[in-house]
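Trainee: Residue numbers (the working numbering): 17 to 562.
Quick reminder that beta carbons are idealized off the backbone N, C-alpha and C, glycines included.
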Amino acid sequence: MPFPLGTKSSDHGLLVANHEFPTAHLMFPGIEARADSSKVVTRNQVNVEMAALGLSVVEIKLLDGQWTAVSTSSLNRRITANTEIEITGPLAGHSRLKTNADATGTRVLGTMGNCAGGVTPWGTILTAEENFQGYFWGNRVAAGELAPEEVRNYEVYGVGYSAEKDASGKYPPASGAPWFGWGFHHDRFNIEKEPREPNRFGYLVEFDPYSPKSQPKKRTALGRFKHEGATVVTKRRSPVVVYSGDDERFQHIYRFVSRDAYQRNKSADILDDGDLYAAKFFADGTGKWIKLHLGKGGADGAALGLASETEVYLEPRVVAKSLGATPMDRPEDMGVDPNTDRLYVTLTNNSKLTAELANPANPREKNLWGHILEISPPGEDGKRDHTSDEFEWEIFLLAGDPGHPQASARGSYHPGVTDSGWFQNPDNLEFDPKGRLWIASDGFPSHKSPDGTPAPVHDGLWATETTGPNRALPKHFYGCPRGAEMCGPTFTPDGKSLFVAVQHPGMEPGATFDKPATRWPDFKAGMPPRPSVVAITKDDGGEIGS
Ligand code: CA
Ligand code: CA
Ligand code: CA
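#1: Residues in its own chain within less than 7 Å of H463 by CB, not counting five upstream and five downstream?
#2: Quick check on this structure: which residue in G121, K234 and A97 has the alpha carbon closest to the alpha carbon of F205?
#3: Can you pull the DSSP bridge partners for N286?
#4: Between the segment 101 to 110 and the segment 39 to 50, do at least 3 Cβ pairs fall closer than 8 Å?
#5: If you count every other CB in all the chains shown that lies within 10 Å of the CB of G239, and 16 or more means buried, which is it?
#6: What number of angstroms, rounded off, separates the C-alpha of Y151 from the C-alpha of R271?
#7: Using C-beta distances below 6 Å, list every residue in its chain close to V57, excluding the 5 sequence neighbours before and after it, in chain order.
#8: How would you label F539, buried or exposed, when you count the other beta carbons within 10 angstroms and need 16 or more for buried?
#9: Tell me where the beta strand (DSSP E) around R452 begins and ends.
#10: Alpha carbon to alpha carbon, how far is V433 from L489?
#11: Alpha carbon to alpha carbon, how far is E208 from E390? Give it in angstroms, no decimals.
#12: Which residue's Cα is closest to the Cα of L445: E381, H420, V352 and H430?
#13: Could you tell me if the beta carbon of T143 falls within a distance shorter than 6 Å of some heavy atom in ligand 3?
#14: Spatial neighbours of H402 within its chain, please: CB distance less than 7 Å, with the 5 preceding and 5 following residues excluded, ordered by chain position.
#15: Contact between the segment 106 to 120 and the segment 63 to 72: three or more CB pairs below 8 Å?
#16: Out of G484, T483, K491 and P485, which has the shortest C-alpha to C-alpha gap to I455?
#17: For P532 and V518, which I take to be in contact (beta-carbon distance under 8 Å), what is that distance rounded to the nearest angstrom?
#18: Run the CB neighbour count on K399, radius 10 Å, all protein chains shown included, and call it buried at 16 or more, exposed below.
#19: Please report the straight-line C-alpha distance between P232 and K512, rounded to a whole angstrom.
#20: On the three-state DSSP scale, how would you describe L238?
#21: Which residue from L31, A294, W305 and G185 puts its Cα closest to that of S404?
#22: Does the beta carbon of E180 fall short of 6 Å from some heavy atom of ligand 1?
#23: Is C496 close to ligand 1? I mean its beta-carbon at under 6 Å from any heavy atom of the ligand.
#24: Can you tell me whether K368 is buried or exposed, with buried defined as 16 or more other CB within 10 angstroms of its CB?
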């Protein structure tokens with residue numbers, strides 16, 4: 017974020033980084049395998065994990081060609097799994113968000129699973145709570161004795177596990193392990209003790225990085241699902257539009273349209289009132305945003321077990337499904353092309369897509385490679401109407417190795433793509449100031465080709481033009497260290513600095529704190545690999561990609 021707010025400063029800013037999930041087996045000595053880590057972490061280690069998650073705000077300056085943290089800045093801030101956050105919008109105070117610790121249903125501690133997120137034109141951050149379910153544990157059936165209305169909800173979002181009483185009338189222990197061990201040490205992450213705490217996660221959380229004491233707000237009007245990103249479109253005297261993908265196989269692409277029109281400096285809480293939509297794609301290249309609501313023309317609330325219109329925001333997945341929204345191949349990030357005003361959406365992969373479940377917008381059976389969709393709201397280039405319920409769409413690019421012998425694996429790149437120019441598993445997207453599309457990948461090392469050969473290159477960053485003769489002609493720009501995924505590409509307004517985040521370096525099979533696959537970026541004995549932000553500038557100080 018340029019500093020001060022409202023400027024196009026490119027040598028002074030606030031770096032906002034999210035810390036998505038802990039990796040106990042790489043963080044702490046003595047843990048032998050990732051799979052067991054949640055069962056062996058101590059309470060102290062869980063507390064370290066809770067302090068390590070969330071977001072950081074760091075004031076940074078470009079000094080003598082080097083980006084440098086201002087370690088004494090009063091703007092530096094940590095938001096963790098224990099930071100108090102206000103719940104706002106339609107679900108604030110709802111009975112299904114009340115817990116033992118918060119009888120008001122308006123105050124929650126922490127934010128987790130923070131993914132791509134986005135920025136607003138009014139200078140705030142929207143951070144996206146993605147895999148929140150991984151922090152909870154407990155038996156859904158036992159929790160259902162306290163909160164029967166949540167059992168289906170746990171199942172739809174993958175919270176906890178399911179086990180019926182055995183012959184002795186007792187609930188058996190879980191056969192598997194949770195992603196994280198928090199539920200063993202803190203009651204609020206144990207659904208058998210706090211059955212409604214999971215309803216307080218899965219939101220877009222807005223906060224002001226320029227105001228270090230301001231309280232973040234969970235904006236429930238934007239819906240509860242596994243948000244990957246938040247792409248905001250504002251036009252004068254028009255409602256604010258926020259696009260967000262639900263990153264799970266067969267889930268949907270969502271759009272929020274605010275009730276009120278955007279007015280500069282007067283719209284601080286504009287994301288608290290509005291409607292949610294989910295995308296439906298037709299075979300003829302058209303599409304429709306379906307408004308999620310109950311009653312006439314909408315979903316049958318009684319049949320879905322939703323007590324009121326407000327609960328549409330709590331469980332939009334079931335409403336979107338019942339209204340026929342298109343199930344997608346794991347929607348990740350989105351971006352709007354600053355020149356054409358078209359929307360781009362990454363679908364990262366879906367190994368479970370069968371021929372029967374494939375659809376025009378997700379056409380490849382067992383889609384290990386992912387693809388990118390281009391959505392065109394009505395209107396001319398640069399002046400499209402993102403509030404319209406109609407759109408046109410096409411597949412911008414089918415990712416994967418274009419040289420692969422299996423026809424269905426072939427991508428749909430520009431014919432000039434080079435051996436290093438193709439990629440797979442697109443995740444985060446960013447447009448540079450010139451309007452070129454930058455694509456970060458997540459999944460190269462773990463996603464093998466159908467013949468079992470491992471992907472030949474690692475995750476990284478590619479750039480392509482979206483129009484003209486070089487449309488869909490990606491070029492390789494950056495390669496991650498071993499075991500890492502690439503995320504967060506962000507440019508300074510002058511296009512001369514590019515920040516990228518190297519997430520979970522060294523997370524390779526068998527690697528642990530004691531036996532790391534790499535010690536990037538410190539390369540010092542005793543140091544684990546550490547996720548880090550890399551600032552990239554050109555040797556001659558010019559624009560990136562020039
Ligand atoms: Ca994701
Ligand atoms: Ca991601
Ligand atoms: Ca991903």
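Mentor: This is what the structure holds:
#1: Here the model assigns H463 a pLDDT of 49, short of 50, so the residue's position is not dependable, and the following value carries that caveat. Taken in chain order, the residues that qualify are N365, L384, Q440, N441 and A471.
#2: A97
#3: First, the amino acid is wrong: residue 286 is Ile here, not Asn. Bridge partners of I286: none, in fact.
#4: no
#5: Under this definition G239 is a buried residue.
#6: 26 Å
#7: A40 and G197
#8: exposed
#9: Note, R452: premise wrong, no beta strand (DSSP E); not H, not E.
#10: Between V433 and L489, the C-alpha separation is close to 6 Å.
#11: Each residue's Cα considered, the two are about 43 Å apart.
#12: V352
#13: Not a single heavy atom of ligand 3 lies less than 6 Å from the C-beta of T143.
#14: V249, V257 and P393
#15: no
#16: K491
#17: About 14 Å separates the two Cβ atoms, so there is no contact after all.
#18: exposed
#19: 31 Å
#20: helix
#21: Measuring from the Cα of S404, the nearest candidate turns out to be W305.
#22: Flag unset: Cβ of E180 not near ligand 1.
#23: no
#24: Exposed, since its Cβ has fewer than 16 Cβ neighbours within 10 Å.
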